[in-house]
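Top line first, the protein sequences correspond to chains A and B.
This note's numbering applies: residue 78 is where the first sequence begins, and numbers increase by one.
This note's numbering applies: residue 56 is where the second sequence begins, and numbers increase by one.
C-beta: ideal position from N, C-alpha, C; glycine also.
Owing to the predicted nature of the structure, the values given are computational and were not obtained by experimental measurement.
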Amino acid sequence: MWETVLQIVVESAQFFLKVWYWIALGFVAAGFIRELVPQRPLVRMLGGSSSGTIVKASVLGVFADFLPHSSLQLAISLFDLGASRATILTVLPSTPWLCIVESISLLSFTGLGLFLVIVVMTMVAAAAGGLILAYLEKERIIETWRPTTATINPQRHRGSKAAEAGWSRP
Amino acid sequence: VVSALTYSYTFLKLGGPWLALGFLGSGIAKTLLPSDAITAYSGIPYTLFPSP
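Okay, structure coming up:
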């Protein structure tokens, strides 16, 4: 029993040690994106939950696998900038594979035709998930509260656009 | 730069526990699932997956 638990801990640590620097790089990149990307155009582009926005998000997700293991960090950053939850739920699963290297591996395994089918079907599945979430939020079946750095650290954001936008617990 | 890194730290606090959970899941899968079964199921040698 304890041997298994120990092995699980060791395997988890080995996975972490293989990729921690990419994850750290992703968090640093997310911080810079949050700091440097202007908020207003991004909210205009990804802030809504319309079907057009969801489709845009699914296309963005396909191009978001530029940095290994950093899709999550990118998503957190966009979410904090004002992208809607439905948009983020679309961006994340529409990244077809973890990084460019693995995309190339997939391409070599499957060939171009099947690879494109996989990419398109991933986009469709991601967009479907986003549309379902948008519907559930619109109908108030699920809660719409969103944690952001503005709500986590309100003093830092006092008077900011995020605070003005009312991103706080209702 | 300091402001960007402060955001990074905040994001790490937000996403870190979930990432840790993911790594733990990877460890559980790697320990408890037989690798030959995964190879047979996916058709791709397990060792070709370089990361969780």
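Where residue i falls: helix, strand or coil (DSSP)
i                           : result
threonine 130 (chain A)     : helix
glycine 243 (chain A)       : Low confidence applies here, because glycine 243 (chain A) scores a pLDDT of 47, under 50, leaving its location unreliable; read the following figure in that light. Coil.
isoleucine 165 (chain A)    : helix
phenylalanine 254 (chain A) : There is simply no residue 254 (chain A) to check, as chain A begins at 78 and stops at 247 in what is shown.
proline 118 (chain A)       : helix
glutamate 248 (chain A)     : The question about residue 248 (chain A) has no answer, for chain A in this structure spans 78 to 247.
isoleucine 218 (chain A)    : coil
valine 201 (chain A)        : helix
leucine 171 (chain A)       : First, the amino acid is wrong: residue 171 (chain A) is serine here, not leucine. Of the three classes helix, strand and coil, the one that applies to serine 171 (chain A) here is coil, per DSSP.
glycine 188 (chain A)       : coil
valine 87 (chain A)         : helix
Residue environment, residue i, which counts as buried when at least 16 other CB atoms sit within 10 Å
i                        : result
methionine 198 (chain A) : exposed
glutamate 88 (chain A)   : buried
serine 185 (chain A)     : exposed
isoleucine 329 (chain A) : Shown here, chain A extends from 78 to 247; a query on residue 329 (chain A) therefore has no answer.
methionine 200 (chain A) : buried
proline 247 (chain A)    : Note that proline 247 (chain A) scores a pLDDT of 36, beneath 50, so its modelled location is shaky; the value from the coordinates is reported in the next line. Exposed, by the Cβ-count rule.
glycine 188 (chain A)    : exposed
tyrosine 62 (chain B)    : buried
Beta-carbon neighbours of residue i, restricted to chain A and to distances below 8 Å
i                    : result
leucine 67 (chain B) : Phe104
leucine 74 (chain B) : Ile100 and Leu149
leucine 88 (chain B) : Under the 8 Å cutoff, chain A gives no residues; its nearest Cβ is about 11 Å from leucine 88 (chain B).
Contact set for residue i: own chain, Cβ-Cβ below 7 Å, skip 5 residues either direction
i                       : result
threonine 221 (chain A) : Glu214
alanine 152 (chain A)   : Ile165, Val168 and Leu169
serine 148 (chain A)    : Ala141, Asp142, Leu169 and Thr172
alanine 203 (chain A)   : Ser135, Gly138, Thr167, Pro170 and Ser171
glycine 124 (chain A)   : Gly159, Ala160 and Ser161
Interface residues of chain B facing residue i [CB-CB closer than 7 Å]
i                   : result
valine 86 (chain A) : Gly82
Interface partners of residue i on chain B, CB under 8 Å
i                    : result
serine 154 (chain A) : Tyr62 and Phe66
- Item | At least 3 beta-carbon pairs within less than 8 Å: the stretch 71–89 of chain B vs the stretch 113–129 of chain A | Verdict: no, contact absent.
- Message: Taking 8 Å as the cut-off, does the stretch 102–112 of chain A touch the stretch 123–142 of chain A (at least 3 CB pairs, one atom from each stretch)?
- Response: The way I'd put it, the stretch 123–142 of chain A doesn't touch the stretch 102–112 of chain A; fewer than three beta-carbon pairs between them come closer than 8 Å.
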